[in-house]
Amino acid sequence: MAKCFSFSASRDSCYRYFFTKAGLKSSTTDLGDGTVMHCWVPKTHFPAKPSLLLIHGFGANAMWQFNDFIPPLKSKFNLYVPDLLFFGDSYTNRPERTEAFQAQCIMALMDALNVKNMDLMGLSYGGFVAYSMAAQFKERVGRVVLGCAGVCLEEKDMEEGMFKVKTVDEAISILLPQSPRKGGTVKFPFGMYEFQLQNSLLNQGHIGENAELVIIKNVGHALNAERPKELYKHMKSFLIDTLPPSKQGKYTMVTKQIEMSASRERSF
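Using the UniProt record's numbering, read the sequence shown as starting at 1 and increasing by one per residue.
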C-alpha cells in the first residue's frame, strides 16, 4: 500500500513500463563471488546491429537517467542499460570499490550476455567507468561518449580545489559555524566557468587526438535531465550519423560488422 504513495516507487513503475514497451527486458546475472548485476537488455538481440551500453552516474538506478534516450536509440542499436554495483538491483560482497572493478564487472556481464563488441555512453561517474572499460578492453570497445566526467583529474586538482582547508579543526569550523557572523556566502565564478572548461580541454588532450569536445552552454551537471534533446543531438551525430549507410536501415539483411576505433571518444 505504501508504494502507491511513494514518488520514487511510482516513477520506477513508469520507467519499467516505458523500458519494457521500448523492447527491453529486465535481466539479472550472477557473476559469482557474491556479485550480481542487473541490466536492461534487448528482448531480441539483432547480430547485425551494433551494441550500445548506457552507463549511468550517481542516482537511484539506470532507468532514471536514460529514459528519454531509449526510444530514439533502440532502432539503431542493441541497447544494454546496466545498474552499476550498489545502485538499483546490482550488488557485490567483494571489497573492491573502484571504477576499474565496476568496468570489469560490466564486461563480465557482457561476456555472460555474449556481447563481444560495443560502444559506450557514460554519464558523470558512469563516464569514469566507461573510460576504464575503454582503457582495459581496447579491442572490444569502439566509440565512447563521456558526459560531465573529469577522467583526467589529477592530485593537484584535489589539493587546489577540494582540500583548501589545512586542518580538521578548520574544516569543522566551516561546517559548524559558532555564530552567524562566521557563516560564509557562495561566490560563483564570473564568465565562462574557467575551471570546468579548462578541465574539459585537458580531458580532450588526455584522451587522444581523435577526441571531440562539445560544450553545452547554460546547463548544469545533469545535462541528460536538463537538455536531453540537445544531448541526444550530439550523441546522434557521433554514434549514429557516423554509421555506414548499410547500418542505418532495419538490419534484417546486414551481416557485415562495423569497424570500430578504440580511441574515438566524445566528451561533454
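Heads up, the beta-carbon is just placed ideally off N, CA and C, and yes, glycines get one too.
query, result
"Terminal residues of the alpha helix (DSSP H) in which residue 14 lies", "7-21"
"Element boundaries [alpha helix (DSSP H), containing residue 229]", "228-235"
"Member of 17, 219, 232 and 238 whose CA lies at the smallest distance from the CA of residue 212", "238"
"Per DSSP, cross-strand counterpart(s) of residue 132", "None, per the DSSP bridge assignment."
"Entirely enclosed alpha helix (DSSP H) segments - the UniProt domain \"AB hydrolase-1\" (50-152), minimum 4 residues", "63-66, 70-73, 99-112 and 125-136"
"Same chain, Cβ closer than 6 Å to residue 99, neighbours up to 5 away in sequence not counted", "128, 129 and 132"
"Buried/exposed call for residue 172, threshold 16 Cβ in 10 Å", "exposed"
"Segment limits, beta strand (DSSP E) that includes residue 32", "24-32"
"CA-to-CA distance, residue 169 to residue 120, given in whole angstroms", "43 Å"
"Per DSSP, the bridge partner or partners of residue 47", "BP columns for residue 47 are empty, so no partner."
"Cβ separation of residue 126 and residue 57, assumed to be a contact under 8 Å, to the nearest whole Å", "5 Å"
"Simplified DSSP assignment, three categories, for residue 168", "helix"
"Distance, residue 64 Cα to residue 10 Cα", "12 Å"
"Beta-ladder partner(s) of residue 38, from DSSP", "28"
"Cβ contact check for the segment 28-37 and the segment 107-116: 3 or more pairs under 8 Å", "yes"
"Close beta carbons around residue 20, own chain, < 7 Å, minus the five adjacent residues each side", "none"
"Neighbourhood of residue 85 by C-beta, 7 Å cutoff - its chain only, sequence neighbours within 5 removed", "91, 92, 102 and 105"
"Three-state class that DSSP yields for residue 195 in the structure shown", "Reliability of the predicted coordinates at residue 195 is poor, the pLDDT of 46 falling under 50, and no value is obtained from them."
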